[in-house]
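Residue numbers (the working numbering): 10 to 373. Where is the CB? At the ideal position from N, CA and C, for every residue including glycine. As structure tokens, the structure follows; a few thoughts come after it.
Given below as structure tokens:
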């Protein structure tokens, strides 16, 4: 773990903080070191780091305490995704409330079922030899499709945190309340690596909540993009991005144009829970579209259009996404689920079971 040099970064670096406009502000020396040397010793363990930064991704986004947003000088903030002390879950709006992507706390503590295994945070998964749902035979055995704990296959195809967060643009534009553009590094810096021939560098669309969902409400939360489910949008929807590694878990059928094969996800009856798929308007799902039903940030959906939407409601065309059920970094539950799936039982009312938010007739 990297708590020592991580704490140093949190005290002195603005590199990963976001201002109201999404652009880093503050003294250059708070983020960068010219020669990785101070008073005869290194600035931080593990250096020097790319772009002359004072620390790496894990170091700056880790905290030995439970606070999930660290306040720096000048009002700048750093979102924390790796706490040594257990954060609050589900999010409760407190200073230790887990953020939208979840937290690596539980996988870092040794439970491989409760988070993505990422270099610098945890060792390789002891149960899985590759990403579950991976399409075998592509990208080799040293890529991020196998494990995010491996070394970088090449400078154009980084691993670790940057296996997903490829386009870091801390000085880029990030207009509040609008989709993050390419010059801002895309939503949460999520994009394909530039080394992916033919489709490298294209990123995910989305609108970021100003406090990273530390205190989510039906009207204040991330807005995820779902698109129309077509192959041609890869990977701009959040679920299409996840399918880059978890191919077989995506539906409906994805994608024939560049893999040359269909995963069968669009078969009827469903082989797996639908993903990147519009919620039906009738049956047990009809109550979701009643104006009396508020959006539930514990069970988020993806919007087909980021130009016109109601953030506080579920609307026709809204989709089940990978993040509707899972936290990308980790959670206190197996499979990084947002709620305790083992506590969900048919015909037993349970307001904490997210399944019943959509499946309104299954809880009795």
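Residue 92 places its beta carbon 8 Å or farther from that of residue 128.
Here DSSP, grouped into helix, strand and coil, assigns residue 96 to coil. Considering only 230, 290 and 162, the residue with the shortest C-alpha distance to residue 309 is 230. Nearest to residue 247 by C-alpha distance, out of 198, 330 and 191, is 330.
Under a 10 Å Cβ-count criterion, residue 279 is classified as exposed, with fewer than 16 other Cβ atoms of the shown protein chains found around its own Cβ. In this model, residue 58 and residue 71 are separated by some 16 Å (Cα to Cα). Straight-line spacing of the CA atoms in residue 61 and residue 198 works out to 19 Å. In its chain, beyond the 5 residues on either side, 322 have a beta carbon closer than 8 Å to the beta carbon of residue 300. Within the DSSP secondary-structure output, residue 91 pairs in a beta bridge with 71. A direct Cα-Cα distance of roughly 23 Å separates residue 140 from residue 196. When the five nearest sequence neighbours on each side are left out, the beta carbons in the same chain lying within less than 7 Å of the beta carbon of residue 117 are those of 10, 91, 130 and 131, in order along the chain. By the neighbour-count criterion, in which 16 or more other beta carbons inside 10 Å mark a residue as buried, residue 315 falls on the buried side.
Short of 6 Å from the beta carbon of residue 55, and not among the five residues preceding or following it, lies no beta carbon of its own chain. Its Cα nearest to that of residue 211, the residue 250 stands out among 109, 153 and 250. According to the DSSP assignment, residue 79 belongs to the beta strand (DSSP E) that extends over 78-80. Taking all protein chains shown into account, residue 136 has fewer than 16 neighbouring C-beta atoms within 10 Å of its C-beta and is therefore exposed. Contact check for residue 155 against residue 233 fails: the beta carbons are separated by 8 Å or more. Note on geometry: alpha-carbon atoms of residue 80 and residue 370 lie some 44 Å from one another. Taking 8 Å as the cut-off, the Cβ atoms of residue 171 and residue 40 do not count as close.
When the Cα atoms are used, residue 98 and residue 164 turn out to be separated by approximately 36 Å.
Linking residue 177 to residue 193 through their CA atoms gives a straight-line distance of about 8 Å. Positions of the beta strand (DSSP E) runs, each at least 3 residues long and wholly inside the stretch 212-246, are given as 232-234 in order along the chain.
Put simply, the backbone Cα of residue 125 is about 24 Å away from that of residue 305.
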